[in-house]
Each structure stands twice: as structure tokens, then as C-alpha cells.
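If you read the protein sequences in the order shown, they are chains A and B.
Taking our numbering, I'd label the letters of the first sequence as residues 1 to 488.
Taking our numbering, I'd label the letters of the second sequence as residues 489 to 976.
Protein chains: 2
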Amino acid sequence: MAQDRAREKQGLPDPATNYSDWYVDAILRSEMADYSPVRGCMVIRPYGFALWENMQAALDARIKATGHKNAYFPLFIPEELLKREAEHVKGFAPEVALVTRAGQEDLEEPLVVRPTSEAIIGTMYAKWIQSWRDLPLLINQWANVVRWEKRTALFLRTTEFLWQEGHTAHRTQEEAHEEVLRILDLYRDFVETELAVPVIPGIKSAEEKFAGAEATYSIEALMGDGRALQAGTSHDLGQHFARVFDITFQDLDGERRHVWQTSWGVTTRLIGAIVMVHGDRKGLRLPPRVAPVQAVVVPIWRTEEELELVRDAVQRIQRELTSVARLEVDWSEQRPGWKFNEWEMRGVPVRLEVGPRDVREGRATVVRQDTRTDPSGPIKEQVPFDALGRRLPALLDEIQAAMYQRALAFREARTHRVDTIEEFTSTLAADRGFLLAPWCGDAACERRLKDETGATMRCLPLDAPPEAGRCLVCGKPSSARAVFARAY
Amino acid sequence: MAQDRAREKQGLPDPATNYSDWYVDAILRSEMADYSPVRGCMVIRPYGFALWENMQAALDARIKATGHKNAYFPLFIPEELLKREAEHVKGFAPEVALVTRAGQEDLEEPLVVRPTSEAIIGTMYAKWIQSWRDLPLLINQWANVVRWEKRTALFLRTTEFLWQEGHTAHRTQEEAHEEVLRILDLYRDFVETELAVPVIPGIKSAEEKFAGAEATYSIEALMGDGRALQAGTSHDLGQHFARVFDITFQDLDGERRHVWQTSWGVTTRLIGAIVMVHGDRKGLRLPPRVAPVQAVVVPIWRTEEELELVRDAVQRIQRELTSVARLEVDWSEQRPGWKFNEWEMRGVPVRLEVGPRDVREGRATVVRQDTRTDPSGPIKEQVPFDALGRRLPALLDEIQAAMYQRALAFREARTHRVDTIEEFTSTLAADRGFLLAPWCGDAACERRLKDETGATMRCLPLDAPPEAGRCLVCGKPSSARAVFARAY
């Protein structure tokens, strides 16, 4: 850490000119995560994990409030099970890790380290579901999964990552479809409300859907460099897995039918989204609702006498504020300016400065970190000590709302309507961002755009207004605009 | 589930005559867990997982309150890292699972699926720890681990299991030792207070200690069949891992020194302990503090008129009690007697019966499930509706306390002082239980006892009074009595 501390004094790379170095340094130097000696696997350090725990708590509450229950299924999946659904295995086979040896013996059948759990959960559902009375079956699991990615990046794409995966089974197609959209909206609400990241909910193209799904829905976010990030997916599995795993139930009329299934997940890559949507050249800026530390108190003193004065006041503040906010007090030996930088790097939403003058005037200087790089300088206010207990929670709410609005304004400024391939290409080159383009729905046109520009179809927004037009690639009729972008 | 339901009507095997079948059935039929198609791996079903979540919350709060922070380290450990500590690899090599192929290529170096994380965490600590200012480093992780066991049993010994593993680094040996004992006491408090399972904290023999530790401490519990279960361990690692992973720090005097480490864990096997300590012939009996459902309301009616009367009263009860207890109301179509059995099987601590007569008299019939197999029959009380909000939480506390006392009385009745091998053998044959025996401390004597009787040294209790005696095997002087038992 001494090493890291020395580096911190140097400041981060400029995100305007070197976004990817800035991203990595913002994560490493805030001690959110670190590289491990295992290829493509990262360590989530306590500061990053505390953020994840807050995210988990907020999402888990929503998942439970909608009637889902948590469970835990095995890490290992017999290779044969994964192979049963043809599209599923085609999608995942290239990136699985295989256990071939265990207990000092070669295994007869290799075990796949789960890349996702449809196959193992489908096997159990076939056993548990007998009658319409057992439906809907609404289960979620928080787990680690492994996908052997060729290129990896902290949080965004790691060999092992953490996620939740919901797996539900329903009596009718309509119920399953409602579930898919209910969860998509639950994800939208979670990401927008808790992470202050605006997203576009929509349906993926056939090219981009989950291997084994009938249809995939996603929420798409725009990062600070104008690239898109898929922030969560909700899959309508139809009866694909029900048929291969023979998941049937006796229906109300006595007939045996296959269930209709859904699956859905969000992952630790959302932490990458938080970094890229809110971070600035000084480091992270964490949304108050999930920030591990919501406010840091930096006591300021020079003499022993001043220290005594400040210590009493800070201890009183700490006692009063501990119940209203996640608070940290930095009594370390460093200079105040050094501490300011440190906590800015870590993205703590509010800084409270308490110096001798503040104490004599009975107030703290409160600095809003979301405004720290505004051209006019950060918004500061003097808050009387006895008003802090009311002011701080309100201020955290204001910051959360402002961060969302700022991200939304950024996204809107970088969302462009384009009608021709030339416009598409030049806009992408100049500004990246979300491109709303008329598209006929054909995979060939989608592939050509991808090959020529590197941009992929992100989704057809659920609320896209009908708009008769011509596909920007082939000129055939199109009925709405899809969202395209270069993506992580 | 229809199948399971049909089975439930049959009742469980008698634990007095067929303990292991009773154990398995009590788990399967309460839907706590199920077998999976993967050798030795189980599925933790929603009811079992809700119990685990409550246990996690209670333990996690204690871990954080003592200054530890959660983090997450990779699932995979390069084989070479595991091999560095000689005893560690000797202990774990026979039971590791190896990933040898990934991303459709053979790996140059196999990856071990973590059986425990000292090696990977040690590697990171060497990077993070530079100065005495970085110490103590107090980190915990909740994770899945894999040990390829030859014989497996639901919860008690599964190929994959869930646990928490704490890993700490300290400046001095004394501090590390204090940490080991602090955690041992934290575990004791957690298991006794939350799970109502009395335990004996003590130190393991050299034979039984963790592979790579200087010393291992454990808490030992006695199961309903008189066999012991190790319920948690806390290891003093000395400088074993610090030396091989080169974890050093600059000390106060400027010298570089190796850190002193500890590690400690409890696992999902604690769920097995809950089943075996508290369960009876009717099924589980879950301790109120961690029970997923603390009270079940069973409405009783025959006519439509009665249903209406009962429904109103039950809905009122539900509204009032939801904030004071984890409540379930069983409106299913089954007969009341069937519901009683079902919820007894699931071990819900309190049953509230509400029938037409109860409603007319303005009270519920409250049945304490911990007393359900008492010779004098279960303790029931009539509680006026408006007193339930106060009475129910108090009753849950009484049940929790009574369950602990019952388990303690059972353990004391089956704890025996023995002084000779003959006594040892005959007591074990007649009663199993904990045997307190004078032992010289020699591994040879310990091994002979194990070979001849199947009993192992569980621990030397921390509070064992000094008692000059003669080792029951070799007759050499002994200074205290150790605990022996047949163990899971």
C-alpha cells in the first residue's frame, strides 16, 4: 500500500486522452480491485466488495419483493447436460473451463465449471415440478461463474465473475413473457435508482441473443467514452430447455405440458459501469445510495491546542451522524490536501471539513464531490453542527439525483438520429454514442454495419415509437429505429 | 413436489433406530436440500438457503463488528502456488479438483479449484502489505470451495460447500494468537446464541490440525446420535505461509519482518448440526433466531361462513405480526392435520391455530413446537389477538433458550469421565458421547485409540482444569483431560 500511496500523489491519467488507462488506474488506486496471478481473474478488494454488497442488498430486496427465493445449485455441470440444448452448447462451448481430474484420478466425464446454470437447474426443475400447483417456480441464485474470455478487463470481462441468475418456470407463455418484462423493469429501476445510471430497455437482435433463448431483452447504458455497455439481460427461454430436460407438469385440464421458462442476470460488470458513467479525472464518483462511505470527515489542525478543539467536535459529529450515513473519519497522519485527494480518488460523495475556525463558528464545511470538476468549482456549504443530522441525508439524495441527471444529459447529448451509412460512420467517428438508425431487422444488414464500423445492434427500445423509414443498409422498409453503438 | 407431498404423509424413519435415514429424509422432505446429478454435490433449496442467509447475516454482523472486511479472491489457484507450503499441499492434494482444459485448449499449468484460499490470498498479501501501518489486515470472504471427498453426506461433507474464510495478517505473534482466540469465541457465541447449539472450544491435537497451521482451535458439538461434529475452526498459521509467499513488512524499528497469520472458517455443515442437535422424529426443529419461518398460522374452518369469520381474523393477525416475526399463513387446500405435519417437518418453532371458536373468543391457540414430542405433550397457550404482538417475540426467545438448555442437558448427560481403555471402549459402545480422558499428548496413543475404537481426539478444552493423571493408553503422566468421540 505504501507503493500505491506514492502513486496516488501523481494523479490519474487524463480520461479525455487515455480512457482505458484512466479506467484501470481509477480502479487499482481506489483499491476497489487488483489483478491476481490467475489469468483473467481479479481480486475484489474490501472497498470494491463493500460497494458490491450494497448493490446486492438493494437488488436482492427487489428480487425477493417480487416473490423470488434464493437457492444454491452446484458449481459443476456434467458436460453431457450442457450439450443437450444445441444452441446453448454452441454459444458456451468455446469458453468453458473443464475439470478433468479430481481426487487424484481422471474423471470419466469432464465437469464444466458453470458458465451459467440453465442446464443444471433445468435438471432439478424436471424433478421438482409435477403439477400446475408447483408453478410459477421463481428462484434466484447469487454465484460465481466462469467464462474463458480471450481478452479480459477489470470488472467488465473477467474469467470468473460474480452475478445473480434468476431461473423461473411458468404454466403459460404469457406468464413467462410477463416475467421477462417485469425483471427487465426491475433491473432498469435498480440501475437507475441505486446506481444513478440511465439505461435503455429493449429487445436484442437474433444475432445478439442468449445462446438457447427464444428472445433476449437487455438494458443498455452509455459509458463516459461514448461506448455502450449491456448492463443486464432478461431471457425468454420459451420451451427450449423444458423440452431437452423434460420439464413437464400436469395442467389444470389433466394434460402434461412443458413449462415456459425465463432466466436473467446482472453481474459485477455493473461496477465497471459505475466507474465509467460517473468517474472523472480525479477518480471515482460513487452514487450515495451504494457508496461504501457516504461522507468522510477530514479534521484539520496544526497545533496540539487546535487538535483538541477539533477532536471533540468531530467525535460529537461522528456519534450523531453514524446512524444517518455511512461515515468515515480520517485521523491519519497525512496532510489535509493529501487526504482530500485520497477520498476523491475513492469517490466518496461528501467531504466534511472541520478546522478550528469551523469549530469556533459551530459548523462544518460540506463539499459536494459530484460537482468537484465543475468549471465553477465544487459546491460548498457551511452547515451548523446541529443541522448536520438533517442536512446530510437530504444532501446525499440531492447528489444521487444530480448524478443521474448529469448522466442522462450526457447520454442525450451523445444520442444521434442517423439515416444513412455515411452519417452513421461519420457520427460514430466523431462522437461514438448511441446511434438511432432505421433498420429492416435483417441479420445481414446488422453484420455489415458491424464489419464496417465496429458498431453492434444494442437493442430495439421497448418504447421506440413506430416510424416508417428505410433501412440504412439495404433500403428496405423499416418500422422503427434501433440503437447501435460500439460496445464493451 | 406432489411426489414429496405423498411421501410426507408417511412420517419419517425413527431416529432412535435409523439415524442416518432419518437425517437424510428430514432434509429432503423439508425441502432444505436435494441431491444433484453431480457426484457429491447437493442443491440447497430455497428453504435451506433462507436458513443459511439468516445464519450468514448473524455471523457476518459479528465478523464486521470486530473490524474485518469482506472481499473476494479467485476460485482458481495455480497448482504451483498450492504446492509451495509443504504440509498444506500434502493435506489438500489428495482431494483437489483440477481444471486442465479451458477455452478449447489444454492449459500449460493446471488450475486447482480452491479447497481453501491461503495460497491465493497469501500471494496478494505479499503485494499489499509493505509497512506496519498496513497491519493488522483483517479480511473475510464468503465463497464456495471444492474438496473431492470419497464419502459424502448432505451438508456434512459435500464435494462443493459454502463457507466463510477469514484471513488475517498481524505484526506480532501475540496479536495473531489473540485473533485466533477472539474468532474462536466469536464462533462459540454465534453457534450457541443463534443456533442454540452448545459447543466446547478447545485446541486440536497435532494429528488433527489444519494442513499448514502451527495450531488449530475448534468448537466441538455433540449430535443427537452421540457423535461429535467439528462446528468451526480457527487456525494459528504462525509464519508458515508468510515465509513461502514472502509476506513481509517494515516494522517500527525499520527492520523487514514476516507477518503472523491466522485463518478461520465455518461452513454449511452447520446446517447439518442444526438438524442433528434439534431434530426429532417429526422432523426439523429450527432455532427461532435463524428459522426462515418463525411462526405459521393455520386457519381452521369447515363451512363457508366459518371461513369468512376466520379469514378476517387471520388477515388482521398477519398485518400485526409481520413486523415482529417471520410469519407464514397456510391457506392451502389441505386438511389442518396435514398442514400440522408439513410445518412440523419443516421445523417452524411456533404454530398458531385460528378456528371459529378461537375467533369468537378473540384469541389464537399457540403451540410450542420445541415441546411437541415431550411425554406430557406440547405446551399450548391461548393468547388474545391483541396480545400476540407482544407474546410472540417473547415466546420465540423462550423457545430459543429452551432449545439451548435441552441440547446442553443432552450433551452433559452424554459426557463421561473415563480413565482406562476398557472404560473408554465400553462407554463408547453403550452411549457414544464425549469421553473426557487423561491423555499424555502423544500422537501414538491417540492413533491407537482411533484404530481400536474409531474415536478421535476432538480437542483439549480451553477451560479444562489441570488434573494430574495417567494417560489411559500408555500410563505416562497427563495434566488434563482431552475430549474424545466418534465424529462426523
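Every residue gets a Cβ at the ideal spot worked out from N, C-alpha and C, and that includes glycine.
These numbers were taken from a predicted model, which means no experiment stands behind them.
Proximal chain A residues relative to residue i, where beta-carbon distance stays under 7 Å
{"i": "residue 613 (chain B)", "result": "In chain order: nothing, as chain A lies at least about 11 Å away."}
Delimiting residues of the beta strand (DSSP E) encompassing residue i
{"i": "residue 947 (chain B)", "result": "944–949"}
{"i": "residue 868 (chain B)", "result": "868–872"}
{"i": "residue 144 (chain A)", "result": "137–146"}
{"i": "residue 434 (chain A)", "result": "434–438"}
{"i": "residue 377 (chain A)", "result": "No beta strand (DSSP E) contains residue 377 (chain A), which DSSP labels as neither H nor E."}
{"i": "residue 167 (chain A)", "result": "160–170"}
{"i": "residue 594 (chain B)", "result": "593–601"}
{"i": "residue 368 (chain A)", "result": "363–368"}
{"i": "residue 561 (chain B)", "result": "That residue, residue 561 (chain B), is in no beta strand (DSSP E); it is neither H nor E in DSSP."}
{"i": "residue 481 (chain A)", "result": "481–485"}
{"i": "residue 534 (chain B)", "result": "Residue 534 (chain B) -> not in any beta strand (DSSP E); alpha helix (DSSP H) instead, spanning 534–553."}
{"i": "residue 459 (chain B)", "result": "Since the first residue of chain B shown is 489 and the last is 976, residue 459 (chain B) is not available in this structure."}
Beta-carbon proximity list for residue i, same chain, < 7 Å, skipping 5 on both sides
{"i": "residue 5 (chain A)", "result": "For residue 5 (chain A), the predicted structure reports a pLDDT of 47, less than 50, and the residue's modelled location is therefore unreliable. The matter cannot be settled from this model."}
{"i": "residue 495 (chain B)", "result": "Per-residue confidence for residue 495 (chain B) stands at a pLDDT of 47, beneath the threshold of 50, marking its modelled position as unreliable; the derived number appears in the next sentence. 517."}
{"i": "residue 491 (chain B)", "result": "Only weak support exists for where residue 491 (chain B) lies, its pLDDT of 46 falling under 50; the value from the coordinates is given anyway. Counting only Cβ-Cβ distances below 7 Å, and skipping sequence neighbours, we find nothing."}
{"i": "residue 687 (chain B)", "result": "676, 679, 680, 707, 708, 709 and 719"}
{"i": "residue 626 (chain B)", "result": "555, 556, 557 and 656"}
{"i": "residue 87 (chain A)", "result": "211 and 212"}
{"i": "residue 11 (chain A)", "result": "none"}
{"i": "residue 263 (chain A)", "result": "118, 165, 166, 167, 235 and 237"}
Same chain, Cβ closer than 8 Å to residue i, neighbours up to 5 away in sequence not counted
{"i": "residue 384 (chain A)", "result": "362 and 363"}
Segment limits, alpha helix (DSSP H) that includes residue i
{"i": "residue 611 (chain B)", "result": "606–616"}
{"i": "residue 841 (chain B)", "result": "No alpha helix (DSSP H) holds residue 841 (chain B); the beta strand (DSSP E) holding it covers 838–842."}
{"i": "residue 244 (chain A)", "result": "240–245"}
{"i": "residue 663 (chain B)", "result": "661–683"}
{"i": "residue 746 (chain B)", "result": "Taken as a continuous stretch (DSSP letters only), residue 746 (chain B) belongs to no alpha helix (DSSP H), being part of the beta strand (DSSP E) at 744–746."}
{"i": "residue 885 (chain B)", "result": "876–901"}
Residues that residue i contacts on chain A, provided the C-beta gap is smaller than 8 Å
{"i": "residue 648 (chain B)", "result": "74, 75 and 76"}
{"i": "residue 569 (chain B)", "result": "37"}
Under 9 Å from the C-beta of residue i: neighbouring residues of chain A
{"i": "residue 634 (chain B)", "result": "75, 76, 99 and 102"}
Close beta carbons around residue i, own chain, < 6 Å, minus the five adjacent residues each side
{"i": "residue 764 (chain B)", "result": "711 and 712"}
{"i": "residue 1 (chain A)", "result": "Summary for residue 1 (chain A): the model assigns pLDDT 41, below 50, so the residue's position carries little reliability; its value from the coordinates is reported in the next sentence. No residues qualify anywhere along the chain."}
{"i": "residue 649 (chain B)", "result": "755 and 756"}
{"i": "residue 299 (chain A)", "result": "310, 314 and 354"}
{"i": "residue 855 (chain B)", "result": "839, 866 and 868"}
{"i": "residue 184 (chain A)", "result": "201, 217 and 234"}
{"i": "residue 469 (chain A)", "result": "438 and 478"}
Proximal residues of chain B, C-beta to C-beta of residue i below 8 Å
{"i": "residue 139 (chain A)", "result": "534"}
### Query
Contact between the region 587–598 of chain B and the region 608–622 of chain B: three or more CB pairs below 8 Å?
no
### Query
If we count Cβ pairs, one from each stretch, closer than 8 Å, do we get three or more for the region 76–89 of chain A versus the region 538–556 of chain B?
no
### Task
Would you list, in chain order, the members of the region 28–49 of chain A that have their beta-carbon closer than 7 Å to a beta-carbon of chain B?
34, 36, 37, 38, 41, 43, 44, 45, 46 and 49
### Task
Scan the region 581–607 of chain B for residues whose Cβ lies nearer than 8 Å to a Cβ of chain A and list them as they occur along the chain.
581, 582, 583, 584, 585, 586, 587, 588, 589, 590, 591, 592, 598, 599 and 601
### Message
Across the region 381–401 of chain A and the region 305–323 of chain A, are there enough close Cβ pairs to call them in contact, namely three or more that are closer than 8 Å?
### Response
yes
### Message
Taking contact to mean 3 or more Cβ pairs, one atom from each stretch, closer than 8 Å, check whether the region 897–906 of chain B and the region 927–938 of chain B are in contact.
### Response
no
### Query
Using a beta-carbon distance cut-off of less than 7 Å, what residues from the region 540–562 of chain B approach chain A?
541, 557, 558, 559, 560, 561 and 562
### Query
Pairing CB atoms from the region 944–956 of chain B with CB atoms from the region 739–754 of chain B, are three or more of them under 8 Å?
no
### Task
Specify whether the region 520–534 of chain B and the region 636–650 of chain B touch according to this definition: at least 3 beta carbon pairs, one from each stretch, less than 8 Å apart.
yes
### Task
Specify whether the region 91–101 of chain A and the region 232–242 of chain A touch according to this definition: at least 3 beta carbon pairs, one from each stretch, less than 8 Å apart.
no
### Query
Is it true that the region 326–333 of chain A meets the region 285–301 of chain A, where meeting means three or more beta-carbon pairs spaced less than 8 Å apart?
yes
### Task
Determine, using beta-carbon pairs with one atom in the region 395–404 of chain A and one in the region 427–444 of chain A, whether at least three such pairs fall under 8 Å.
no
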